[in-house]
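Participant: Taking this note's numbering, I'd label the letters of the sequence shown as residues 264 to 553. Quick one: the structure is below, and I'll ask about it shortly.
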Amino acid sequence: MKFWVGVTDKAWFERLRAQTPDEVNFWQPSGKQLATFLEPGVPFLFKLHAPRALPARLAWDAFGEKNGVADYVELRRRIEQYRGATKGDPEIGCNVLNGPVFFAEKDWIPVPESWAPNIVRGRTFDTDETDGLRLWNSVSERLLARAAATGTAEQPPRFGAEYLTRARLGQGAFRVLVTEAYDRRCAITGERTLPVLEAAHIKPYSATGPHLVANGLLLRSDFHILFDDGYVTVTEDLRIQVSGKIKEKFENGREYYQYRGKQLSIVPRGSDERPAREFLRWHNTERYLA
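Encoded structure:
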């Protein structure tokens, strides 16, 4: 099994370790891919100092302090420390790490002998190799000891495709994955202006709706509000319905009625990312104001 060891900033690590979040954003100052083999579900380890490119604003809106900084101003300042001053909203590399575990300092693992001192970003290890196997065994031992100490009956960690079927995404990962699945365009209008696009849950999280791409739509902010309030819905055949309640209550709505009965403008290419019928059915019957 291949896994990645990434070099990270100690301040970033310490801040997030204190928060014990359900997900973190391992961001990079540039939008370049971290490693070609990094696929969803691959284990990711941290090494302290001796893949998607997203606008910094979206990274902050999606993850907030899970970026390892206190606010957006600090995030920009940290980016500029690496890249120099930039105008506008710079794109940064975002690596969403789900379910992070932060070991106490006494449990930190010594750097493998094969680690070269000139490595800046990180490197791949493989359990088929001596150093990789030794490193992964050290990680597994600490995870099992942690489970025993907390009284939780955890199974040995599984990764890759099997992990993805069991993992629970956080809100930040949900937002990023929905944004990318819809090619950064509003599902209804096709709008491309990213600052006004929002990842909407079809079945709300508060109503036990999961953070799954199939339970999401990327919508322009006004359509997001209308969708959440039941003035707009999407049928199981992916057609847009606009409630007559808009005109009845607000004596307006021409902007919205032009989409009534039309197919969604943008649909994810992957079948597992398209809106799931069960969630659409829920919204049609439980939320839509017919």
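Glycine included, C-beta positions come from ideal geometry on N, C-alpha and C.
(1) Return the Cβ separation of Trp-267 and Gly-385 in integer angstroms, given the expectation that the two are a contact with Cβ distance under 8 Å.
(2) Do the stretch 456-467 and the stretch 480-491 touch if we need at least three Cβ pairs shorter than 8 Å?
(3) Tell me which residues share the same chain as Gly-493 and place their Cβ nearer than 6 Å to its Cβ, disregarding the 5 neighbours each side in the sequence.
(4) Would you tell me roughly how many angstroms separate the C-alpha atoms of Arg-405 and Asp-370, rounded to the nearest one?
(5) Have a look at Tyr-519, Leu-475, Glu-514, Lys-512 and flag the residue whose alpha-carbon is nearest the alpha-carbon of Thr-496.
(6) Determine the extent of the alpha helix (DSSP H) in which His-546 is found, giving its start and end residues.
(7) Taking C-alpha atoms, which residue in Pro-284, Ala-412, Arg-346, Val-383 lies nearest to Phe-365?
(8) Could you work out which residue in Pro-473, Arg-340, Glu-286 is closest to Trp-361 when comparing CA atoms only?
(9) What number of angstroms, rounded off, separates the C-alpha of Ala-379 from the C-alpha of Asn-330?
(10) Let's test the definition: count the other Cβ atoms within 10 Å of the Cβ of Gly-356 and tell me whether it reaches 16, buried, or not, exposed.
(11) Mapping DSSP to helix, strand and coil, what is Glu-368?
(12) At what residues does the alpha helix (DSSP H) containing Val-290 begin and finish?
(13) Relative to the C-alpha of Ile-451, which residue among Leu-527, Leu-475, Phe-276 is closest?
(14) So what does Thr-496 bridge to, in DSSP terms?
(15) Where are the alpha helix (DSSP H) runs, 4 residues long or more, that stay fully inside the stretch 315-403, in chain order?
(16) Going by DSSP, what residues sit across from Val-476 in a beta bridge?
(17) So, at 6 Å on beta carbons, what are the nonlocal neighbours of Arg-447 in its own chain, with the 5 sequence-adjacent residues on each side left out?
(18) Using only the alpha-carbon positions, how far apart do Ala-436 and Gly-524 sit?
(19) Measuring straight from C-alpha to C-alpha, what distance separates Asn-515 and Ser-506?
(20) Are the CB atoms of Glu-499 and Arg-540 within a distance shorter than 8 Å?
(21) Looking at Val-476: is its Cβ nearer than 8 Å to the Cβ of Leu-501?
(22) Please confirm whether Ile-382 and Val-305 have their CB atoms less than 8 Å apart.
(23) Can you tell me whether Glu-511 is buried or exposed, with buried defined as 16 or more other CB within 10 angstroms of its CB?
(24) To the nearest angstrom, how far is it from the Cα of Pro-419 to the Cα of Trp-323?
(25) DSSP on Arg-483, reduced to helix/strand/coil?
(26) Going by other Cβ atoms of all chains shown within 10 Å of its Cβ, with 16 needed for buried, is Glu-354 buried or exposed?
(27) Within a Cβ cutoff of 6 Å, which residues of the same chain sit near Gly-472, ignoring the five residues on either side of it in sequence?
(28) In three-state DSSP terms, what is Lys-466?
(29) Going by the beta-carbon positions, is the gap between Asp-352 and Ala-316 smaller than 8 Å?
(30) Give the DSSP-derived three-state secondary structure of Gly-269 in the structure shown.
(31) Do the CB positions of Leu-338 and Val-402 come within less than 8 Å of each other?
Facilitator: Checking against the coordinates, here is how it stands:
(1) 6 Å
(2) yes
(3) Arg-550, Tyr-551, Leu-552
(4) 7 Å
(5) Tyr-519
(6) 540-549
(7) Pro-284
(8) It is worth fixing the name first, because residue 361 is Asn in this sequence and not Trp. Of Pro-473, Arg-340, Glu-286, the residue nearest in Cα terms is Glu-286.
(9) 27 Å
(10) buried
(11) helix
(12) In the sequence on display, residue 290 carries Trp and not Val. Trp-290 -> not in any alpha helix (DSSP H); beta strand (DSSP E) instead, spanning 286-291.
(13) Leu-527
(14) Gln-504
(15) 319-326, 335-346
(16) DSSP output for Val-476 lists no bridge partner at all.
(17) Leu-457
(18) 31 Å
(19) 12 Å
(20) yes
(21) no
(22) no
(23) exposed
(24) Low local confidence applies: a pLDDT of 46 at Pro-419 is under 50, so the model's placement there is unreliable, and no value is given.
(25) strand
(26) buried
(27) His-464, Lys-466, Asn-478
(28) coil
(29) no
(30) strand
(31) no
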